[in-house]
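Colleague: Mind having a look at this structure? Questions to follow.
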Amino acid sequence: MKKQHVKLSDQDREHLLGLLRKGSLKSRTYKRIMALLKLDEGQTYEAVQGLIKLSRRSLGKLSNRYGAEGLSCLQDAPRPGRPIKIDQHQKDKLTVLSCSDAPEGYSQWSLRLLADKMIELGHSDAISHTQVGSILKKNRSNLI
């Protein structure tokens, strides 16, 4: 006897089929919808794994998430991302510094000079010359 891994309600099944008819889905969402529908039909993890190209572990997690969260299991969990190292106040200091006169012995500021000066003045713990360039580019500075 086959174990039914997921039991969709009629309302959830209709909602998933409606999403499929819509046509514009992310590939991850499409795979998750198809996996839930196939598992609801009573297919095994191995059969669904071959059809949809999701691992057995992913299918198990998906069915567990559906049981706990419902259809919100179709969406990706939020990812924290990299923490911001340079805040707006530091960006403003950089812009002001780039508009000032270049240090003695230089005709103009270079990105590396600006990065070194920001660290020297204590405005930032660490900043790269490429990050300086992208900040000034976003501010449309005439230095770049």
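For what it's worth, this note's numbering labels the leading residue of the sequence shown as 122, then goes sequentially. Where a beta carbon is used, it is the ideal one built from N, C-alpha and C, also for glycine.
Within 10 angstroms of its Cβ, does Y227 collect 16 or more other Cβ (buried), or is it exposed?
Modeller: exposed
Colleague: State the CB to CB distance for the pair A156 and L175, rounded to an integer number of angstroms; the pair is presumed to be in contact (CB under 8 Å).
Modeller: 6 Å
Colleague: Across the segment 199-214 and the segment 148-168, are there enough close Cβ pairs to call them in contact, namely three or more that are closer than 8 Å?
Modeller: no
Colleague: Between which two residues does the alpha helix (DSSP H) carrying G171 extend?
Modeller: Y166 to I173
Colleague: Just verifying my parser: in three-state terms, what is the DSSP assignment at K187?
Modeller: Looking at the sequence shown, residue 187 is not Lys but Tyr. Judged by DSSP in its simplified three-state form, Y187 adopts helix.
Colleague: Nearest to D246 by CA position, among I207, L141 and I173, is which residue?
Modeller: I207
Colleague: Could you check which residue in K258, N260, R134 and L242 has the C-alpha nearest to that of L195?
Modeller: R134
Colleague: Would you kindly work out how many angstroms separate the C-alpha atoms of S148 and E190, rounded to a whole number?
Modeller: 21 Å
Colleague: Do you know offhand how far L172's Cα is from S193's?
Modeller: 23 Å
Colleague: So, does the CB of S148 fall closer than 8 Å to a CB anywhere in chain D?
Modeller: The structure shown has no chain D; it contains just one protein chain.
Colleague: Got a sec, what are the start and stop residues for the alpha helix (DSSP H) S255 sits in?
Modeller: H250 to K259
Colleague: For Q170, collect the residues of the same chain with a Cβ closer than 8 Å to its Cβ; drop the 5 residues on either side in sequence, then sort them by chain order.
Modeller: S176, R177 and L180
Colleague: Pick helix, strand or coil for R200, following the three-state DSSP scheme.
Modeller: coil
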